[in-house]
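Written out below as structure tokens is the structure these notes cover.
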Amino acid sequence: MKRYVNELRENQANNFPSRVHLEHLVDENSPKETICHIDLDCFFVSVALRTRPELIGKPVAITHSRGIEGAGMSEIASCSYEARAQGVRNGCFIKNARKVCPDLICLPYQFDDYREVSKEIYSILLGYTLNIRAVSCDEMYVDLESLCKEMHITNVMEIISVIRSEILTKTGCNASVGIGNTMLIARIATQHAKPNGQFMIKLGDIDEVIKKEKISSLPGIGYNICAKLRKCGFIF
134 MKRYVNELRE
144 NQANNFPSRV
154 HLEHLVDENS
164 PKETICHIDL
174 DCFFVSVALR
184 TRPELIGKPV
194 AITHSRGIEG
204 AGMSEIASCS
214 YEARAQGVRN
224 GCFIKNARKV
234 CPDLICLPYQ
244 FDDYREVSKE
254 IYSILLGYTL
264 NIRAVSCDEM
274 YVDLESLCKE
284 MHITNVMEII
294 SVIRSEILTK
304 TGCNASVGIG
314 NTMLIARIAT
324 QHAKPNGQFM
334 IKLGDIDEVI
344 KKEKISSLPG
354 IGYNICAKLR
364 KCGFIF
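When we follow our numbering, the leftmost residue of the sequence shown carries the number 134, and every step to the right adds one.
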């Protein structure tokens with residue numbers, strides 16, 4: 134997606150047609166929290182349910198395995214929040230998932246659809262700004278600082294609300310967005326935004342928010358790092 138974003142950026146010519154949707158937010162002050170981390174909720178599942186509305190609200194997983202008994206060692210790539218509520222997690226094996234969620238519905242990958250929906254999302258964002266950092270097909274960072282300065286807008290939360298609404302309308306997918314003054318803070322904010330929400334960590338609230346965060350919940354801190362930290366005497 135990084136190459137696709139670069140191609141769109143080169144052809145954009147600083148023309149932002151979607152900014153017309155933000156004119157009612159004009160203000161003269163400048164916000165400090167303009168970095169936005171956008172993460173599509175259960176992206177693979179959301180794309181699949183666009184043509185399967187009857188499965189909305191049910192425990193759904195995306196995997197190579199589609200049978201009830203077969204391919205029990207296939208891993209789950211994405212699962213709905215209904216499946217998660219019953220103990221299913223991304224990366225777990227189908228065999229184990231069915232033990233905690235017997236009614237789990239398994240659907241196949243739709244790579245072409247993921248690609249097309251992802252391109253649509255990036256195109257939507259480039260209608261507002263060129264300051265986008267692609268992470269993956271369903272995750273990206275957007276810096277709204279220049280947009281806010283050029284349009285004299287201070288309410289970043291309202292901007293994001295407009296963008297999330299457009300993403301949902303055009304793709305049928307929900308996006309959760311975290312907002313902060315840095316990429317790290319924005320990503321932490323996204324954890325508070327999910328599912329299907331938006332959350333801003335203001336500059337003056339960073340210390341208080343970080344105090345309450347578990348080390349294991351910080352971006353990039355996985356199982357192996359946590360194990361090493363415990364060996365060093367860290368308790369969390």
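Don't be surprised by glycine CBs; every beta carbon is placed ideally from N, CA and C.
- Runs of the beta strand (DSSP E) lying entirely within the region 265 to 304, each at least 3 residues long, are 265 to 269 and 272 to 276 in chain order.
- In the structure shown, residue 257 adopts helical secondary structure according to DSSP, grouped into three states.
- With respect to residue 154, residue 289 sits apart: the two C-beta atoms are not nearer than 8 Å.
- In this chain, the alpha helix (DSSP H) harbouring residue 340 covers 339 to 345.
- Counting only residues of its own chain and dropping the five nearest sequence neighbours on each side, residue 301 has a CB closer than 7 Å to the CB of 307.
- Take the alpha-carbon of residue 324 and the one of residue 262: they are about 24 Å apart.
- Straight-line spacing of the CA atoms in residue 271 and residue 337 works out to 30 Å.
- Taking residue 264 as the centre and dropping the five residues before and after it, the same chain places the C-beta of 275, 276 and 279 closer than 7 Å to its C-beta, in chain order.
- Of the candidates 234, 331, 350 and 342, 331 places its Cα closest to the Cα of residue 298.
- Between residue 241 and residue 181, the alpha-carbon positions lie close to 9 Å from each other.
- For residue 172, the CB contacts under 6 Å within the same chain, skipping 5 residues up- and downstream, are 272, 309 and 323 in chain order.
- As DSSP reads the structure, residue 173 sits in a beta bridge with 308.
- Sixteen is the threshold: since fewer than 16 other Cβ atoms of the shown chains lie within 10 Å of the Cβ of residue 356, the residue is exposed.
- With fewer than 16 other Cβ atoms from the protein chains shown falling within 10 Å of its own Cβ, residue 285 counts as exposed.
- By the CB criterion at 8 Å, residue 287 and residue 174 fall outside the cutoff.
- Pairing residue 206 with residue 226, the inter-Cα distance amounts to about 5 Å.
- For residue 237, the secondary structure class from DSSP, reduced to helix, strand or coil, is coil.
- Beyond the five residues adjoining it in sequence on each side, residue 179 comes within less than 6 Å, by CB distance, of 306 in the same chain, given in chain order.
- With fewer than 16 other beta carbons inside 10 angstroms of its own, residue 363 counts as exposed.
- Judged by beta-carbon spacing, residue 233 lies beyond the 8 Å limit of residue 213, meaning their Cβ atoms are not closer than that value.
- In the DSSP secondary-structure assignment, residue 326 is not bridged to any residue.
- Around the beta carbon of residue 169, 16 or more other beta carbons sit within 10 angstroms, so the residue counts as buried.
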